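Novice: 441 is the number that the numbering used here gives to position 61 of the sequence shown; each next residue is one higher, with no gaps.
C-beta atoms are modelled at their ideal positions from N, C-alpha and C, and glycine is treated no differently.
Since this is a predicted model, take the numbers as computed values, not measurements.
One structure follows; several queries about it will come next.
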Amino acid sequence: MPDLLTTREAAEYLRCHPSTLRARARQWGVPRFKQGKGWRYPRAELERWVSEQVDDTKPKARRPRRRRRVINDEQAEREALEMLATP
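Pasting the structure below:
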């Protein structure tokens, strides 16, 4: 019989709260099966799943900062304010 973890044990292994694991298991694709009223997580499959997640992670690209326009020209500033004030 394979080594099976309860939800609490699997959550400790994954370092998350049991309620988080229960809520996200389907979304994350965590290997599990129903046994009676509870879920069981095969340790070997869970370890394999974790290693796959670590291998698949890529650094996320940072979004470029939005640039703000600075108006140095008084005439352009007046025109911009007039455009905003005009209905």
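1) Spell out the partners DSSP gives Y393 in its beta bridges.
2) With DSSP collapsed to three states, give me the class of R447.
3) Any idea what DSSP makes of R412, helix, strand or coil?
4) For Q415, which option in R395, T387, G409, Y393 has the closest C-alpha, if you only look at C-alpha atoms?
5) To the nearest angstrom, report how far apart E427 and L384 are at their CA atoms.
6) Identify, in the order they occur along the chain, each residue of the same chain with its Cβ nearer than 7 Å to the Cβ of H397, setting aside the five sequence neighbours on each side.
7) Around the C-beta of R446, are 16 or more other C-beta atoms found within 10 angstroms, so that it is buried, or is it exposed?
Specialist: Put simply:
1) Y393 pairs with nothing; no bridge assigned.
2) R447 falls in the coil class under three-state DSSP.
3) DSSP, read as helix, strand or coil, puts R412 in coil.
4) Ranking the options by Cα distance to Q415, first place goes to T387.
5) If I take the Cα positions, the gap works out to 12 Å.
6) Its chain contains A391 as the residues whose beta carbon lies nearer than 7 Å to that of H397, once the 5 sequence neighbours on both sides are disregarded; these appear in chain order.
7) It counts as exposed.
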